[in-house]
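Q: Supplied in structure tokens, the structure appears directly below.
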Amino acid sequence: MSAKIISGTEIAQQIREEIKKEVEQLKKKHGLTPGLVTIIVGKNPASVSYVTAKQKTAKELGFYSVQEDLPEDVKEEALLGLIDRFNKDNTIHGILVQLPLPGHINETKILYAISPDKDVDGFHPVNVGKLMIGEARFYPCTPYGIQQLLIRSGVRIDGAEVVIVGRSNIVGKPTAMILCQKAEGANATVTICHTGTKDLAFHTKRADILIVAAGRPKAITADMVKDGAVVIDVGVNRIGMTPEGKAKLCGDVDFDYVKEKAAAITPVPGGIGPMTITMLMLNTVKAAKVAANLV
Ligand code: NAP
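Under this note's numbering, the first residue of the sequence shown is numbered -1, with each subsequent residue one higher.
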């Protein structure tokens, strides 16, 4: 039997409708408009398309949104100065610096400079630490999107064997940290795999929920998946161009074969991608409410 396809596009749209209504209420009742600034350095095509999508979504949801385009050779001090300005700007509640940054800029220094209160990407060490101890204000967007996708698809996380392939600081590790918390929508038994894992298939075949964020096209084949598993494919791999000149994408999971074995699976594109942007918006609304003492 073919798996249920979990549409990130549809679930993200539902959440966006909820956010739009909440933003209308915040404006009407409290005169509060969530503000998001996106900062991009250079013209990396993937980064430009991500930032454009984030800005477009912010505008559609009624946010106050600002985009700062900086040249590739911008000095680190200039970027730090801009962040400092937005840290002090009361109309801005979320600051997003699009990664990766050019080699001459110290990425860690930049991420640390963003006020933890406006760190809507959830990458500041203060927020990472809070996530670890179960007191997170902002979950990093992709892991948050994964959790919401599971919850809203009716997948039981509590008590599940979750196996995550990938241990990056932006996907693998925070996803594990969210799903192992003693909390609603979590409480799973989590295993993290990486290139040092001796027998990857041994672990993936045990998973009730398999989350793959390796950045390797079709790394997970059908023989590595348990019958009836839920498979979340985070990978986005560019594997050529479509006849229309758009990037052709595939995930880390061999979708056509794995879907015949899994109970549910996310597609690429249309799975985690739209959820990530939506969670950025949710975090920005939360940052605005925290700033206005509404939560
Ligand atoms: P990353 O920093 O490159 O990390 C990849 C992780 O996968 C590493 O921990 C690596 O292990 C592990 N890995 C790679 N190949 C493996 C293999 N064959 N077996 C076991 N583990 C393996 O990547 P990332 O930033 O987490 O992103 C992962 C993928 O998700 C990428 O395709 C990225 O484009 C995509 N992504 C999508 C979204 C979205 O919104 N849709 C957001 C973020 C990322 P080591 O640590 O041992 O090297």
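Virtual Cβ for every residue (Gly too), placed ideally from N, Cα, C.
Quick check: the Cα distance between Lys246 and Ser45, rounded to an integer number of angstroms?
A: As a working note, residue 246 is residue 248 in the sequence shown. As a working note, residue 45 is residue 47 in the sequence shown. Near 16 Å, if we compare the C-alpha coordinates of Ser45 and Lys246.
Q: Taking the C-alpha atoms as reference points, what is the distance between Glu105 and Thr276?
A: Mapped onto the sequence shown, residue 105 falls at position 107. Mapped onto the sequence shown, residue 276 falls at position 278. Looking at the two C-alpha atoms, the distance is approximately 24 Å.
Q: Val210 and Ala295 - do their beta-carbons sit closer together than 9 Å?
A: Past the boundaries of the shown model lies residue 295; the chain is included only from -1 to 293, so the question cannot be answered.
Q: Answer yes or no: do Asn281 and Cys178 have a C-beta to C-beta separation smaller than 9 Å?
A: Walking along the sequence shown from the start, residue 281 turns up at place 283. Walking along the sequence shown from the start, residue 178 turns up at place 180. No, the Cβ-Cβ distance between Asn281 and Cys178 is not below 9 Å.
Q: When DSSP builds the beta bridges, which residues end up paired with Asn235?
A: Taking the first residue of the sequence shown as position 1, residue 235 is located at position 237. According to DSSP, which records beta bridges pairwise, Asn235 is partnered with Cys248.
Q: Using the C-alpha atoms, what's the distance from Ile155 back to Phe253?
A: The residue labelled residue 253 in the question sits at position 255 within the sequence shown. The residue labelled residue 155 in the question sits at position 157 within the sequence shown. When rounded, the distance between both Cα atoms is 22 Å.
Q: Look up Glu258 in the DSSP assignment and say whether it is helix, strand or coil.
A: Locating residue 258 in the sequence shown gives position 260, where the first residue counts as 1. Here Glu258 sits in coil by DSSP.
Q: From Thr14 to Ser5, what distance separates their C-alpha atoms?
A: By one-based count along the sequence shown, residue 14 stands at place 16. By one-based count along the sequence shown, residue 5 stands at place 7. Rather than Thr, the amino acid found at residue 14 in this sequence is Arg. When rounded, the distance between both Cα atoms is 14 Å.
Q: Assuming Leu34 and Gly120 are in contact, meaning their beta carbons sit under 8 Å apart, how far apart are those beta carbons, in whole angstroms?
A: The sequence position of residue 34 within the sequence shown is 36, counting from 1. The sequence position of residue 120 within the sequence shown is 122, counting from 1. The Cβ separation is near 14 Å, so there is no contact.
Q: Taking 8 Å as the cut-off, does the CB of Arg14 come closer than this to any heavy atom belonging to the ligand NAP?
A: Residue numbering aside, residue 14 sits at position 16 when the sequence shown is read from its first letter. No; taking the cut-off as 8 Å, the Cβ of Arg14 has no heavy atom of the ligand NAP nearer than that.
Q: DSSP state of Gln65, grouped into three classes?
A: For the purposes of this step, residue 65 is identified with residue 67 of the sequence shown, where counting begins at 1. Three-state DSSP puts Gln65 in a strand.
Q: Please identify the residue among Gly170, Val188, Thr240 whose C-alpha is closest to the C-alpha of Ala212.
A: Walking along the sequence shown from the start, residue 212 turns up at place 214. Out of Gly170, Val188, Thr240, Gly170 has the C-alpha closest to the C-alpha of Ala212.
Q: Counting pairs of Cβ atoms below 8 Å between the segment 24 to 32 and the segment 286 to 293, do you hit three or more?
A: Yes: at least three Cβ pairs fall under 8 Å.
Q: Helix, strand or coil: which one does DSSP assign to Val72?
A: Sequence index remark: in the sequence shown, residue 72 carries index 74 (1-based). Note: Val72 maps to coil in three-state DSSP.
Q: Let me know the secondary structure DSSP gives Gly132 once reduced to three states.
A: If you number the sequence shown from 1, residue 132 lands on position 134. It is coil, neither helix nor strand.
Q: So which residues put a beta carbon under 6 Å from any heavy atom of the ligand NAP, going in chain order?
A: Going by the Cβ distance cut-off, the answer is Thr140, Val163, Gly164, Arg165, Ser166, Ile168, Val169, Gly170, Cys191, His192, Thr193, Gly194, Thr195, Leu198, Ala211, Ala212, Gly213, Arg214, Ala217, Val232, Gly233, Val234, Asn235, Ile270, Gly271, Thr274.
Q: Between the Cα of Gly112 and the Cα atoms of Leu94, Lys41, Ala199, which residue gives the shortest distance?
A: Here residue 112 is taken as the residue at index 114 of the sequence shown, counted from 1. The sequence as given places Ile at residue 112; Gly does not occur at that position. Taking only the C-alpha atoms, the option nearest Ile112 is Leu94.
Q: Whole angstroms are fine: how far does the CA of Tyr137 sit from the CA of Asp117?
A: To locate residue 117, count along the sequence shown from 1; it is residue 119. To locate residue 137, count along the sequence shown from 1; it is residue 139. Going from the Cα of Asp117 to the Cα of Tyr137 covers about 10 Å.
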